[in-house]
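Below: one structure, written as structure tokens.
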Amino acid sequence: WGRGAAESNRSPPALMQASCLCGSAPCILCGCCPASRNSTVTRVIFTFFLFLGVLVSIIMLSPGIESQLYKLPWVCDDGTGTPVLQGHIDCGSLLGYRAVYRMCFATAAFFFLFTMFMICVRSSQDPRAAIQNGFWFFKFLILVGITVGAFYIPDGSFPKIWFYFGVVGSFLFILIQLILLIDFAHSWNQQWLGKAEERDSRAWYGGLFFFTFLFYSLSIAAVVLLFIYYTQPGACHEGKVFISLNLVFCFCVSIIAVLPKVQDAQPNSGLLQASVITLYTMFVTWLALSSIPDQKCNPHLPNVLSNQTAGPKDYETQWWDAPSIVGLVVFFLCTLFISLRSSDHQQVNNLMQTEECPPILEQQQQQVACQGRAFDNEQDGVTYSYSFFHFCLVLASLHIMMTLTSWYKPGESWTMISTWTAVWVKICASWAGLLLYLWTLVAPLLLPNRDFN
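The sequence shown begins at 159 in my numbering and counts up by one.
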């Protein structure tokens, strides 16, 4: 069942392809990526499973798919209100928000199963590591089976309960996104400062200044646009308070980031990281304002049809508004970063409970890579926490569910309504993110005996 790329190359092509479906992760890509790391390819394939579920959800949200499916009398309602296929799946669950909830439930359940199963895996010598890094055909069948079963879940209280699971999971994933951004900004700043010192060139300092200025400029422009489009004179007081508070908070953390004491205790802190956090905070504030259930204060509200029980003529869903599209792009980027992040990203490694490879093992891996073979880089210890990685994908499934449904809450008969719950969750997530970033700045001062390098 897949003893590695070296043995597979001596097998007939048909047997090699079959073994790759059930074997190790690098075996699948051995033809185009012979020096792939087992851990990296595994994360990429699991992320592909998630993106496949997202693609299915987007297709089911497409108005064209909905209208064409309703034109098939042997699949859906025949126009009289009586399903043609008695005893079969409710066609309404294949469409719109109902399909998104069930598809994301399936992906979340799939990754939660692996979250529990992969707890405390220490190295690839653990038998469960073989399941993590192999048996891809059977894992795909499990995902398909869970998905089919999810579409048979009766409506009942499922949408209302699952909505709150999505709210909590999305809140946590927003915080993970912020941690990834902090890690990315720290690594970026550290690398460019190191190159500026090594090459004695001011061009790297100029680059840092340019991007810092760009991010702050975009943040200021975002604040202006938020006041223009999401507030009205004498109204929309909540939106004005949210924008003003987050602007003040971002200004405060930017000042704290460059204080001399903070700089001494945290040399890697600076305005680049603060500018990235400020821009992300403005983005989350935008998402929050786009969920306000008031047409005067939310220009996106009239563009989303909430009736999900319409018939064949007027069954339509529109989620392609700017907040959803930008949120989808940010989701893809952050999820890919979780999958492809290297051992150089220390904060993500700490979050994932990862370990550095021992020098001897690293040298052996380089020799194997030079020979053009896929290699197992987790014999002496896993490079990331299997369980926590799957938990991140669980949260990602819940977050994309809320993003695709515009954070609308299912009502009676699957009518989707906008509520203040989504607004407060996003605003609280932005505040929690700012507090988290503030803690990374002041922790070395408050806990001087600990090593924060």
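Glycine included, C-beta positions come from ideal geometry on N, C-alpha and C. Remember, it's a predicted structure, so these values are computed and weren't measured experimentally.
- Three or more pairs of CB atoms, one per stretch, sit closer than 8 Å, so the region 550 to 570 contacts the region 309 to 323.
- Counting C-beta pairs closer than 8 Å gives fewer than three between the region 571 to 582 and the region 289 to 297, which falls short of the contact rule.
- When DSSP reads this structure, Ile575 sits in a beta bridge with Lys567.
- At the C-beta level, Ser545 and Thr273 come within 7 Å of one another.
- Between the region 335 to 344 and the region 432 to 443 there are three or more C-beta pairs closer than 8 Å, enough to call the two in contact.
- Between the region 442 to 458 and the region 376 to 387, the count of Cβ pairs shorter than 8 Å is three or higher; the stretches touch.
- Excluding its 5 nearest sequence neighbours in each direction, Ser448 has C-beta neighbours in its own chain below 6 Å: His458, Pro481, listed in chain order.
- Contact between the region 254 to 261 and the region 298 to 311 is present: 3 or more CB-CB pairs across the two stretches fall below 8 Å.
- Pairing Asn347 with Leu430 gives a Cβ-Cβ distance under 7 Å.
- Collapsing the DSSP output to three states places Gln335 in a helix.
- Look at Gln390 here: in three-state DSSP terms it is strand.
- Excluding the 5 residues flanking it on each side, Gly591 has same chain C-beta neighbours closer than 8 Å at Ile332, Leu333, Leu336, Ile435, Tyr438, Thr439, Val442, in chain order.
- Here Leu551 is buried: its Cβ has 16 or more other Cβ atoms, across all protein chains shown, within 10 Å.
- Residue state for Ile311 is assigned as coil, using DSSP reduced to three classes.
- Contact annotation: Phe269 and His548 have beta-carbon atoms nearer than 7 Å.
- With fewer than 16 other beta carbons inside 10 angstroms of its own, Phe367 counts as exposed.
- Taking all protein chains shown into account, Glu396 has 16 or more neighbouring C-beta atoms within 10 Å of its C-beta and is therefore buried.
- Here Leu562 really is in contact with Leu219; their C-beta atoms are around 6 Å apart, less than 8 Å.
- Under the three-pair Cβ rule at 8 Å, the region 372 to 379 does not count as touching the region 351 to 360.
- The C-beta distance from Val199 to Met560 rounds to 29 Å, too long to meet the 8 Å contact threshold.
- Judged by their CB atoms, Pro602 and Gln424 are nearer to each other than the 7 Å cut-off.
- Under the three-state reduction of DSSP output, Tyr542 falls in the coil class, being neither helix nor strand.
- Counting only residues of its own chain and dropping the five nearest sequence neighbours on each side, Phe407 has a CB closer than 6 Å to the CB of Leu592.
- A Cβ-Cβ separation of about 5 Å places Thr493 in contact with Ala554 under the 8 Å criterion.
- A residue is called buried once 16 or more other Cβ atoms fall within 10 Å of its Cβ, and Lys297 is buried on that count.
- Here Arg201 is buried, its C-beta having at least 16 other C-beta atoms within 10 Å.
- At least 7 Å separates the beta-carbon of Ile414 from that of Val581.
- The C-alpha of Asp313 lies about 36 Å from the C-alpha of Cys278.
- Taking 7 Å as the cut-off, the beta carbon of Phe207 is found closer than this to the beta carbon of Leu301.
- Between the alpha carbons of Leu299 and Glu356 lies a distance of about 52 Å.
- Around the CB of Ile585, 16 or more other CB atoms lie within 10 Å, so the residue is classed as buried.
- Leaving aside the five residues that flank Ile401 on each side, the residues in its chain whose CB is nearer than 7 Å to its CB run, in chain order, Val381, Leu384, Phe385, Thr443.
- A check of alpha carbon separations from Phe263 across Val212, Arg286, Phe369, Leu605 identifies Val212 as the nearest.
- Of the other Cβ atoms in all chains shown, fewer than 16 fall within 10 Å of the Cβ of Cys410; this residue is therefore exposed.
- Using a 10 angstroms sphere on the CB of Pro317, the tally of other CB atoms reaches 16 or more, which defines it as buried.
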